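Numbering (the numbering used here), first residue to last: 619 to 788. Ideal Cβ positions, reconstructed from N, Cα and C, are used throughout, including at glycine. Please read all numbers here as calculations on a predicted model, not as lab measurements.
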Amino acid sequence: MQFTIYDSAAPVFVATLRNMRAWLDKAAAERNEAALMGARLAEDMHPLPRQFQFASDSAKFAVARLTGTEAPVMEDTESTFAELQARMDKTVAFVESVGPDAYAGAEDREVAIKFPNGMGYRFSGADYLRNFALPNFYFHATAAYAILRANGVSLGKPDFLAHLGMPVQM
């Protein structure tokens, strides 16, 4: 059985987005939501909600670009944990709605990304996923995790890797 672009993308995005959703449950139980919504790691970095939004965007746009489908529009207006969790759910639903067959030829599909300043990149689908989409996705997921940790939420590595379940005796 061949390992595919789908295998490298969809399940990875879904697992991490679900983990991120759960981090907010822990945050809500332990800390002040309003304070966390404005928290950031450094003054020149985006606050917590934008990290969740960017992780969501990274996943949904990667799937759309790799498969030639249209990503759902999300307005970036989330201001509560519940709204961020709903966004994670909506992103997971989109990723899961695009089946493995839609990724046929994705490794060779041209992906062009143009930034608002007019700069950008051109990739093959495989290079886009490997060198841009996954690193960008994990950057924002990790930033969200770090913001929560730095503000006293009792997250640990098992929360980041919760999708693996409990380890088994070997």
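Asked	Found
Measuring CB to CB, does Leu-779 end up less than 9 Å from Asn-637?	yes
When the Cα atoms are used, what is the spatial distance from Ile-731 to Ala-645?	34 Å
Pull up the DSSP beta-bridge partners for Arg-740, would you.	Ala-730
Pull up the distance between the alpha-carbon of Gly-738 and that of Met-655, whole angstroms please.	30 Å
With a 10 Å radius around its C-beta and 16 neighbouring C-beta atoms as the bar for buried, classify Pro-667 as buried or exposed.	buried
Suppose contacts are defined by Cβ-Cβ distances below 9 Å. Is Gly-770 in contact with Glu-648 by that definition?	yes
Please check the pair Ala-762 and Phe-670, which I expect to be a contact at CB under 8 Å, by giving their CB distance rounded to whole angstroms.	6 Å
Around the C-beta of Arg-639, are 16 or more other C-beta atoms found within 10 angstroms, so that it is buried, or is it exposed?	buried
I need the boundaries of the alpha helix (DSSP H) containing His-758, first residue and last residue.	752 to 768
Suppose the cutoff is 7 Å on Cβ atoms and the five residues either side in sequence are ignored; what does the same chain contact list for Asp-694 look like?	Gln-671
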